[in-house]
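These notes concern the structure reproduced below.
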Amino acid sequence: MDFFDNLLDEEHGMLRESCRRFAEREIAPHAVEWEEAGTFPRELYGRAAQAGVLGVGFPEDAGGSGGGPLHSVMAIEGLMRGGSTGVAVGLGSLGIALPPILQSGDARLVDRFARPVLAGEKIAALAITEPGTGSDVAGVRTRAVRDGEHYVVTGAKMFITSGVRADVLSVLCRTGDDPHGGLTFLVLEKDMPGVRVSRALKKTGWWASDTAELAFDGVRVPVENRAGPEGGGFLTLMRNFQNERLALAAYGAVTAQIALEEATRYARERKAFGRPILGFQATRHKLAEMATRVTAARTLTYQVAARMQRGDYVVSEVSMAKNFTADVAMSVTYDAVQIFGGMGYMRETLVERLSRDARLLPIGGGTHEVMLEIIGKQLGLG
Ligand SMILES: Cc1cc2nc3c(=O)[nH]c(=O)nc-3n(C[C@H](O)[C@H](O)[C@H](O)COP(=O)(O)OP(=O)(O)OC[C@H]3O[C@@H](n4cnc5c(N)ncnc54)[C@H](O)[C@@H]3O)c2cc1C
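One point on numbering: in the numbering used here, the residue at position 373 of the sequence shown is 373, and numbering is uninterrupted.
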């Protein structure tokens with residue numbers, strides 16, 4: 001019996017397995033090389049699409065593989081078995097970039113942008129954060145000024161996952177003065193005159209994924225590239241955040257799970273004072289604590305995903321899952337590094353990489369503090 005079998009069925013298990021096989025075949029043999037290089041081959045997007053991995057959670061009539069939030073969690077768990085969070089999140093940037101396009105319900109936008117991305121022919125990124133504002137989305141200043149049948153876009157975006165290589169950018173722009181009601185999504189293409197990658201940023205973790213600072217200098221964007229109504233950007237973004245936060249919860253839970261497995265294996269192999277370090281009660285207790293936290297993190301993540309799949313309102317729970325799993329990922333990877341001793345500090349070990357990758361989780365997609373604000377509000381705390 002699987003402890004989670006009341007939340008996951010056979011189909012979920014099979015999907016996770018097929019994504020895992022893809023990751024073990026296509027990513028794992030190159031994970032260290034790609035992490036050190038800070039990139040991975042573009043062709044991987046096409047191979048992931050062919051294997052049905054890229055489109056999980058997206059409707060089949062838009063070129064996806066179908067399924068809902070729980071399937072997306074399974075895909076993340078499988079992909080992470082490639083041993084590189086950077087590759088997984090690089091492949092996965094479409095997960096946050098495409099929903100504004102799909103939610104617009106505009107078939108022409110879906111055909112022009114979502115389909116080629118889901119086929120692995122183009123790369124997509126979501127551009128919300130700016131050099132001057134992150135948590136406070138209402139502070140977005142990238143301006144889109146209407147000029148006939150175009151918007152003229154001027155501004156800058158910061159920390160954009162896949163932004164260096166992306167062909168398609170879902171960009172949150174300011175079209176009006178109302179802090180929330182004046183925000184609109186436009187789809188920009190990398191080859192439009194005035195779109196520039198100002199910097200490829202160097203990071204603590206997620207090395208194989210690129211992260212960009214982008215500049216838009218008078219970019220003429222056809223009005224037909226607007227995703228959703230003018231002024232509807234904030235609402236679209238709030239819906240999108242739910243999926244992003246669930247995905248980050250899944251990354252947290254699986255990061256901790258893999259670190260636990262690695263530490264358990266090492267504790268059986270590594271000897272000190274004439275016996276495996278697993279022979280020390282201190283090690284066994286540490287692993288038992290880690291396993292408890294991992295089980296709680298997975299349970300919360302699956303439960304929230306299952307409720308999202310049913311269409312339930314789980315705004316506070318998804319924020320709780322994001323915060324809780326991020327804490328678990330950080331503490332379990334910390335303990336795993338400790339169990340590895342000196343080897344845990346070496347770049348050649350997976351737990352070293354996971355411990356760096358985990359640090360992003362309480363920051364990206366809304367910080368720990370912002371999640372607490374949301375939970376507090378939902379609980380009616382003011
Ligand atoms: C690797 C990486 C990838 C990313 N990918 C993307 C991407 O693809 N697209 C994108 O648009 N963005 C992306 N981001 C940006 C990310 O979403 C932001 O960094 C995050 O939302 C925090 O914004 P900030 O960095 O501006 O921090 P700030 O908003 O400046 O926050 C600084 C500190 O102040 C705290 N703070 C802010 N407001 C409050 C408050 N009301 N109450 C209490 N504390 C508060 C924060 O919690 C934080 O500790 C990425 C970031 C990283 C590091």
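Built from N, CA and C at the ideal position, the CB exists for glycine as well. This one's a predicted model, so the numbers in the text were calculated from it and none came from an experiment.
- Using a C-beta cut-off of 8 angstroms, the segment 355-374 makes contact with the segment 325-345, since at least three inter-stretch Cβ pairs fall below that distance.
- Note on Lys-271: under 16 other CB atoms within 10 angstroms of its CB, so exposed under the neighbour-count rule.
- Secondary structure at Ser-198: strand, using DSSP grouped into helix, strand and coil.
- Between Arg-245 and Asp-217, the C-beta spacing is not below 8 angstroms.
- Leaving aside the five residues that flank Ala-97 on each side, the residues in its chain whose CB is nearer than 6 angstroms to its CB run, in chain order, Ala-124, Ala-125, Leu-126 and Ser-170.
- Judged by DSSP in its simplified three-state form, Phe-113 adopts helix.
- If you ignore the 5 residues before and after Gln-242, its C-beta comes within less than 6 angstroms of the C-beta of Val-318, all in its own chain and listed in chain order.
- A distance criterion of 7 angstroms places the beta-carbon of Gly-233 beyond contact range of ligand 1, judged by its closest non-hydrogen atom.
- For ligand 1, a non-hydrogen atom lies closer than 7 angstroms to the CB of Asp-136.
- Under the three-state reduction of DSSP, Glu-213 is assigned to strand.
- Taking a C-beta distance under 8 angstroms as the contact criterion, Leu-109 and Val-140 do not qualify as a contact pair.
- Contact between Val-315 and Arg-307 fails: their C-beta atoms lie close to 11 angstroms from each other, not under 8 angstroms.
- Only residues of its own chain outside the window of five on either side were considered, and among them Glu-213 have a CB closer than 6 angstroms to the CB of Arg-199, listed in chain order.
- DSSP assignment within the segment 155-179 yields the following whole beta strand (DSSP E) runs of 3 residues or more, N-terminal first: 168-174.
- Taking a C-beta distance under 8 angstroms as the contact criterion, Ala-227 and Val-351 do not qualify as a contact pair.
- Within 7 angstroms of the C-beta of Lys-271 there is not a single heavy atom belonging to ligand 1.
- The three-state secondary structure of Arg-347, taken from DSSP, is coil.
- Per the coordinates, the alpha-carbon of Ala-296 lies some 16 angstroms from the alpha-carbon of Lys-286.
- Non-local C-beta neighbours of Tyr-302 in its own chain, meaning closer than 8 angstroms and more than five positions away in sequence, comprise Phe-4, Leu-7, Leu-8, Leu-70 and Val-73, ordered along the chain.
- Val-370 has its Cβ nearer than 7 angstroms to a heavy atom of ligand 1.
- Val-73: member of the alpha helix (DSSP H) spanning 69-79, first to last residue.
- In the structure shown, Glu-261 adopts helical secondary structure according to DSSP, grouped into three states.
- In summary, Phe-273 is exposed, with fewer than 16 beta-carbon neighbours lying within 10 Å of its beta-carbon over all protein chains present.
- Look at Ser-316: its beta carbon is at least 7 angstroms from all of the heavy atoms in ligand 1.
- Relative to Pro-362, the option among Thr-283, Val-168, Ala-250 and Asp-312 whose CA is nearest is Ala-250.
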